[in-house]
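Worksheet: the structure to be examined is printed underneath.
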Amino acid sequence: MEHSCREHYGIFTIAGDLPIQGAYRDICYQPVRDNIWTASEGIYRTIFLEGKTGCIAFDTFGTPGTARAYQAAIGRVFPTKPIHTIVYSHDHLDHTGYAADLAPEAKIIAHDYANRVILGRKSDGQLAASETFAGERTSHEIDGCYFELIYPGPTHGDGNTAAYFPHSKTLFMVDTVADGVGYTTLMDWHLTHYVPVMERFLALDWDLFVPGHFWLLTRARFIEILDYWKRLFDFGQQAVIDGLDPHNWADLNRYTDEKLGPLYGREFRFQEYAAMNLSRYMQHYLTGGWGIEGNLSPRLGPL
Ligand SMILES: [Zn+2]
0 MEHSCREHYG IFTIAGDLPI QGAYRDICYQ PVRDNIWTAS EGIYRTIFLE GKTGCIAFDT
60 FGTPGTARAY QAAIGRVFPT KPIHTIVYSH DHLDHTGYAA DLAPEAKIIA HDYANRVILG
120 RKSDGQLAAS ETFAGERTSH EIDGCYFELI YPGPTHGDGN TAAYFPHSKT LFMVDTVADG
180 VGYTTLMDWH LTHYVPVMER FLALDWDLFV PGHFWLLTRA RFIEILDYWK RLFDFGQQAV
240 IDGLDPHNWA DLNRYTDEKL GPLYGREFRF QEYAAMNLSR YMQHYLTGGW GIEGNLSPRL
300 GPL
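Residue 131 in numbering that gives the first Met the number 0 sits at position 132 of the sequence shown, with consecutive numbering throughout.
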């Protein structure tokens, strides 16, 4: 049955218009280093590159309206350089769901794992990759832009890939490290792998990290945030041992205020997320973790 929404509708099945899909969000942008720029609508963040003849956009933002605003933002900075290439960070629709609205003719690069999910999902507006790569590390020289794509192992979603710019000492990766204490609540966050896999990036030479949410981070801050998540493994186990119920939000909030508050209470979005994070980590120990990847040993060592 044909969907009646005039916009690309993702995986929504309810009939009728979905005004949220077309809603306009202003995108702000700023230079990062060399040919790297960053764009954000306030919560989500991504990067785009200036090539000799056109632009390379990473990700698409999460609705047709924001994808169009992203295209307009790039067009404002580089009005004569169309987006000829899109690179996907991972499979999730809120970051890569709308290439059909951003630049439908562009070449799309993604890790094979992400593309397999995308092919299976068939979400309206999310285009499949035209070029995939397997394994951990590939280098690209496109229209004068050099970057490496690095899949360090399972972290969040499928095929989640970093972009490394060795000449600019800059690393970009989505939904893994962001400032504050939010976001490890999703089920396809591969907790067993997450911290050791992310620590592999510390063997590379970079001092600026561009995350998929909020603002840019120093290398020192990247390490501090990973340390918080590392500590939560112990807190998660201890909470189970202390008899805390992972479904009781009042008790979870009391527990995190008391045990984590003195150390991390001033972190960005602690009040919103601390209890959810703890519940997620507790579930890991109660269930054994999710999926095949979540239960294989992480592959470590140099990337
Ligand atoms: Zn995601």
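Note that the Cβ used here is the ideal one computed from N, Cα and C, for glycine as well. Every value quoted in this text rests on a predicted model; they were computed, and no experiment measured them.
Setting aside the 5 residues that flank it on each side, M281 is surrounded in the same chain by G235, A238, V239, P245, each with a C-beta closer than 6 Å to its C-beta; the list follows chain order.
M275: member of the alpha helix (DSSP H) spanning 269-286, first to last residue. Spatial neighbours of R298 in its own chain (CB-CB distance under 6 Å, excluding positions within 5 residues in sequence) are listed in chain order as G152.
Under DSSP, the beta-bridge partners assigned to G9 are D123. In the three-state scheme derived from DSSP, where H, G and I count as helix and E and B as strand, W205 is classed as coil.
Counting only residues of its own chain and dropping the five nearest sequence neighbours on each side, W289 has a CB closer than 6 Å to the CB of M186. Around the beta-carbon of A102, 16 or more other beta-carbon atoms lie within 10 Å, marking it buried.
Around the beta carbon of G53, a 10 Å sphere encloses 16 or more other beta carbons of the protein chains shown; the residue is thus reported as buried. If you look at M197, you'll find it in the alpha helix (DSSP H) that goes 190-198. Distances from the alpha-carbon of E198 to those of L231, N159, I42, F221 put F221 closest.
Boundaries of the alpha helix (DSSP H) harbouring I19: 18-21, taken from the DSSP string. Buried is the label assigned to P63, since at least 16 other Cβ atoms lie within 10 Å of its Cβ. Straight-line spacing of the CA atoms in A98 and H89 works out to 13 Å. Inter-residue distance for K51 and G143 is about 6 Å (C-alpha atoms, whole angstroms).
Counted as a single uninterrupted DSSP element, the beta strand (DSSP E) harbouring E130 occupies residues 130-132. In the assembly as shown, F267 is an exposed residue. Its beta-carbon has fewer than 16 other beta-carbons within 10 Å. Apart from the 5 residues on each side of it in sequence, T131 sits with its Cβ closer than 7 Å to the Cβ of A109, H110, D111, N114 in its chain, given in chain order. Residues lining ligand 1 by the Cβ criterion, that is a Cβ closer than 5 Å to any of its heavy atoms, are H91, G156, D174 in chain order. Closest in alpha carbon position to P18, among E6, Y28, I10, is E6. One alpha carbon belongs to P301, the other to R136, and they sit about 11 Å apart. Straight-line measurement puts the Cα of V194 at about 14 Å from the Cα of Y150. Under the three-state reduction of DSSP output, R24 falls in the coil class, being neither helix nor strand.
A distance below 9 Å separates the beta carbons of D204 and P165. Annotated three-state conformation of L262 is helix, per DSSP.
The count of Cβ pairs closer than 8 Å, one atom from the segment 155-175 and one from the segment 210-217, reaches three, so the stretches are in contact.
Counting every other CB atom within 10 Å of its CB across the protein chains shown gives R279 a total of 16 or more, marking it as buried. Comparing C-alpha distances from G119 to each of D250, H283, I10 shows the shortest one belongs to I10.
Its Cα nearest to that of F269, the residue Y227 stands out among G134, T65, Y227. DSSP lists F57, I108 as the beta-bridge partner residues of V86. Taking C-beta atoms as the reference points, F47 and F60 fail to come closer than 9 Å.
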